[in-house]
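A short write-up of the structure that comes next.
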Amino acid sequence: MRYKVVVSELAELPVTTIDGERTTFGALVGGRTALVVNVASRCGLTPQYTALEGLQRTYADRGFTVVGFPCDQFHGQEPGSEADIAEFCSSQYGVTFPMSSKVEVNGEDRDPIYATLTAAGGPADIRWNFEKFLVDGTGRVVARFEPRTEPDAAEVIDAIEGTLTR
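Using the numbering used here, you'd call the opening residue of the sequence shown number 1 and step up by one each time.
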């Protein structure tokens, strides 16, 4: 599937981190390739955090980061506060990658990051927790992966490695 370029749009969009810091998507990822994932702590797919953290540790030195966007839109599977989410991710999965505050990924209150990502190609709505977008270092959406696609699946690894320069 061919995706529209969203470089400047995405980089300038606001993000509030899970710790309450206001920044932009561009500042948060710092020109690195990013795997953007809407996450939830009480989902059958929550164990994907293990593979997401594995990707973070494997590829961080090569210009890559995972970015988690907690979302409670799918059957209330992310009910906690930002502090609860941060504690869960740290204590249960050792998450070191950046996380945003809780966002909505669908509907009229859709976060601008997700409005931009979904406008770049594919179905407009996010189907479930752990849907993944791969954004290269210039801000171009290069791939979108279904929620059940494991973060360490061959197609995800190939797409990540195809965007890295070292």
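Just so you know, even glycine gets a beta-carbon here, dropped at the ideal spot from N, CA and C.
Practice task
Decide if R57 is buried, meaning its Cβ has at least 16 other Cβ atoms within 10 Å, or exposed.
Solution key: R57 comes out exposed.
Problem - Same chain only: Cβ atoms within 7 Å of A60, ignoring 5 sequence neighbours per side - result: none
Practice task
May I ask whether a heavy atom of the ligand GDP can be found less than 7 Å away from the beta carbon of D152?
Solution key: Questions concerning the ligand GDP fall outside what the structure shown contains, since it holds no ligand whatsoever.
Exercise for the section: Please specify which runs of the alpha helix (DSSP H), each continuous and at least 4 residues long, are wholly inside the region 18-58, giving them in chain order. Expected result: 25-29
Exercise for the section: Whole angstroms is fine: what's the gap from D72's alpha carbon to V105's? Expected result: 9 Å
Exercise for the section: Please name the residue in I157, A34, T165 whose C-alpha comes closest to that of M99. Expected result: A34
Problem - Residue closest to D19, alpha-carbon to alpha-carbon, out of G68, T116, I113 - result: Of G68, T116, I113, the residue nearest in Cα terms is G68.
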